[in-house]
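There are 4 protein chains.
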Amino acid sequence: MLAELRVTPVGAQHEDFAEVVSAIVRTIAERSHLQYAVNAMGTTLEGEIDEILAAVRACHEEVRKHCTRALVELSLDDRAGAEGELVRSLDHLRRFGGGVPLERLVRAR
Amino acid sequence: MLAELRVTPVGAQHEDFAEVVSAIVRTIAERSHLQYAVNAMGTTLEGEIDEILAAVRACHEEVRKHCTRALVELSLDDRAGAEGELVRSLDHLRRFGGGVPLERLVRAR
Amino acid sequence: MLAELRVTPVGAQHEDFAEVVSAIVRTIAERSHLQYAVNAMGTTLEGEIDEILAAVRACHEEVRKHCTRALVELSLDDRAGAEGELVRSLDHLRRFGGGVPLERLVRAR
Amino acid sequence: MLAELRVTPVGAQHEDFAEVVSAIVRTIAERSHLQYAVNAMGTTLEGEIDEILAAVRACHEEVRKHCTRALVELSLDDRAGAEGELVRSLDHLRRFGGGVPLERLVRAR
Chain A
18 MLAELRVTPV
28 GAQHEDFAEV
38 VSAIVRTIAE
48 RSHLQYAVNA
58 MGTTLEGEID
68 EILAAVRACH
78 EEVRKHCTRA
88 LVELSLDDRA
98 GAEGELVRSL
108 DHLRRFGGGV
118 PLERLVRAR
Chain B
18 MLAELRVTPV
28 GAQHEDFAEV
38 VSAIVRTIAE
48 RSHLQYAVNA
58 MGTTLEGEID
68 EILAAVRACH
78 EEVRKHCTRA
88 LVELSLDDRA
98 GAEGELVRSL
108 DHLRRFGGGV
118 PLERLVRAR
Chain C
18 MLAELRVTPV
28 GAQHEDFAEV
38 VSAIVRTIAE
48 RSHLQYAVNA
58 MGTTLEGEID
68 EILAAVRACH
78 EEVRKHCTRA
88 LVELSLDDRA
98 GAEGELVRSL
108 DHLRRFGGGV
118 PLERLVRAR
Chain D
18 MLAELRVTPV
28 GAQHEDFAEV
38 VSAIVRTIAE
48 RSHLQYAVNA
58 MGTTLEGEID
68 EILAAVRACH
78 EEVRKHCTRA
88 LVELSLDDRA
98 GAEGELVRSL
108 DHLRRFGGGV
118 PLERLVRAR
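Residue numbers (the numbering used here), protein chains in the order written: chain A, 18 to 126; chain B, 18 to 126; chain C, 18 to 126; chain D, 18 to 126.
Encoded structure:
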């Protein structure tokens, strides 16, 4: 099952989220066996539902060490028979997407 | 401003989203100047609010050509003075994240 | 802790979600002790994190009986010391919101 | 078209969101003709896409007066031919939901 997790410290002392975000990524990396990929707005995950919910639980616990208020947002996309989607979905777009590039990291003119 | 956009065709004839997803990515690539990066659950964007909302408008129009019902989800993260975050936020994590890897594409043992 | 849960059957035979939505609400009502309030786009919840995640688990199981693909979206807003927010937050707005109405169910002219 | 909007001030001086939330609700009430209903986690909306996106634009502008960082989250659910859903969807559940209550504001024993 694919998922995306976004954790936002709200009542933090300072606004730079880097320390909290790396603590969250470390939690996923070290306290789960999930596949994951960090993006600029969250982390995509792949695994079974119980393991995903356990990771959400652990990340929630972690973020609350850093702040008095936190938002935790989870999106699950569960499709019968789908596996390996974290890699496959992007490969599929590369092959069958008619050549549209999957990223543009400088502003188009 | 950073954003993430997720477009899900609901009332589609078939369940494989690849065709719709590539039409959405093409819409962002060709009808906006936004920076973007596709991930397995959506597309992160960077640009000004008016351009982001115009892209949401165009993607909504596009997805409704393919299905009778669609979900469109937009998250904006607007921080004063932040620019170039689509690239910088991940670079920052790589440098100051204490060595935690930003992705793991095979299941951990 | 406050939360909102949205469950969307994607690969369903038909597009009317009412049957699935009532099965989801029944799952929350009968298989949890959470406080909840259904709105047109989801269900707000209040309770402890373990009970919320257990309800997400049960609702996910329920929705997948009805369709081959489902989206499940959970937002948690956890604030230290906050309790009774499902009712209190709206009461607070009614009292201190300067008279702005909390709903308008017919289109403004 | 149904929508839900959630606006979260992040880099605010204080953590009580009530002032910001009432400014957001006032923006929707006074600067749009949309139908709306406030819940504990956001505001459901109904109207045309251009009017919804204009309201998102106005609410974003408003929240940034109160803080240096803000999250704005919009979910659109657009179904061909659906109108009056803000009221109808809940009525439908009341009639055909098999008697499941749409809210429980005290904790179940």
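Don't be surprised by glycine CBs; every beta carbon is placed ideally from N, CA and C.
Here the structure is a predicted model, which is why all the values come from computation and not from measurement.
Span of the beta strand (DSSP E), counted from its first residue to its last, around S92 of chain C: 86–96
Simplified DSSP assignment, three categories, for A20 of chain B: strand
Any C-beta of chain D under 9 angstroms from that of T25 of chain A: Chain D places a beta carbon closer than 9 angstroms to that of T25 of chain A, counting this residue as a contact.
Residues within the region 66–97 of chain A neighbouring chain D, beta-carbon criterion of under 9 angstroms: T85, R86, L88, E90
Check whether L91 of chain B and T61 of chain B have beta carbons under 9 angstroms apart: Taking 9 angstroms as the cut-off, the beta carbon of L91 of chain B is found no closer than this to the beta carbon of T61 of chain B.
Given L22 of chain C as reference, the closest of C:E47, C:V104, C:Y53 once Cα atoms are compared: C:Y53
Below-9 angstroms beta-carbon distance, G59 of chain B vs any chain D residue: G59 of chain B has a beta carbon lying at 9 angstroms or more from every beta carbon in chain D.
T85 of chain B versus A97 of chain D: straight-line alpha-carbon distance, rounded: 5 angstroms
Cβ-Cβ separation, V27 of chain D to V27 of chain A (assumed contact under 8 angstroms), whole Å: Yes, they are in contact, since the Cβ atoms of V27 of chain A and V27 of chain D sit about 6 angstroms apart, within 8 angstroms.
Alpha-carbon spacing of R74 of chain C relative to G59 of chain C, whole angstroms: 16 angstroms
Chain B within 9 angstroms of G28 of chain D, Cβ atoms only: yes
Minimum C-alpha distance to L122 of chain D - residue among C:G116, C:L103, C:R112: C:L103
Candidates D:G101, D:G64, D:E120, D:V37: closest to E78 of chain D by CA position: Per the Cα distances, D:V37.
Inter-residue Cα distance where the pair is R87 of chain C and R124 of chain A: Position check: residue 87 of chain C holds Ala in this sequence, whereas Arg was assumed. So the two alpha carbons sit approximately 35 angstroms from each other.
Option in C:T44, C:T25, C:I45, C:A57 with minimal Cα separation from S106 of chain D: C:A57
Reference V117 of chain C, options D:G115, D:I66, D:I41, closest by Cα: D:I41
Own chain partners of T17 of chain B with C-beta closer than 6 angstroms, once the 5 adjacent residues on each side are dropped: In the structure as shown, chain B starts at 18 and stops at 126, and residue 17 of chain B therefore has no counterpart that could be examined.
Of the listed residues B:G101, B:G114, B:G115, nearest to L51 of chain B (C-alpha basis): B:G101
is_contact[V55 of chain A, chain B] using C-beta, thresh 9 angstroms: yes
Same chain, Cβ closer than 7 angstroms to D95 of chain D, five either side skipped, listed in chain order: M18
Under 7 angstroms from the C-beta of R121 of chain A: neighbouring residues of chain B: At a beta-carbon threshold of 7 angstroms, the residues of chain B lying near R121 of chain A are A46, Q52, Y53, ordered along the chain.
Cβ pair L119 of chain A, R111 of chain A closer than 9 angstroms: Yes, the pair counts as a contact, with Cβ atoms nearer than the cut-off.
Rounded Cβ spacing between G64 of chain B and S39 of chain A (contact assumed at less than 8 angstroms): The pair is not a contact, with the Cβ atoms about 26 angstroms apart (cut-off 8 angstroms).
Residue interval of the beta strand (DSSP E) (run including V55 of chain B): 52–56
Identified DSSP bridge partners for E63 of chain A: Answer by DSSP bridge pairing, in chain order: A:L19, A:Q52.
Residue-level contact to chain A via CB, V42 of chain B, 9 angstroms cutoff: yes
Alpha-carbon to alpha-carbon, I66 of chain A and S49 of chain C: Going by the C-alpha atoms only, they are around 18 angstroms apart.
C-alpha gap between I45 of chain D and I69 of chain D, whole angstroms: 9 angstroms
Sub-9 angstroms separation of A35 of chain C and F113 of chain D beta-carbons: yes
Three-state class that DSSP yields for E135 of chain C in the structure shown: Only positions 18 to 126 of chain C appear in the structure, and residue 135 of chain C is not among them; the question remains open.
Distance between K82 of chain D and H83 of chain C (C-alpha atoms, nearest Å): 45 angstroms
8 angstroms Cβ shell around D108 of chain B - same chain, five flanking residues per side excluded: Correct list: empty, nothing qualifies.
Alpha-carbon to alpha-carbon, V80 of chain B and A99 of chain B: 31 angstroms
7 angstroms Cβ cut-off: residues of chain D touching E102 of chain C: A57
Local conformation of R121 of chain D per DSSP, three classes: strand
Through-space distance from L93 of chain B to L93 of chain D, alpha-carbon basis: 14 angstroms
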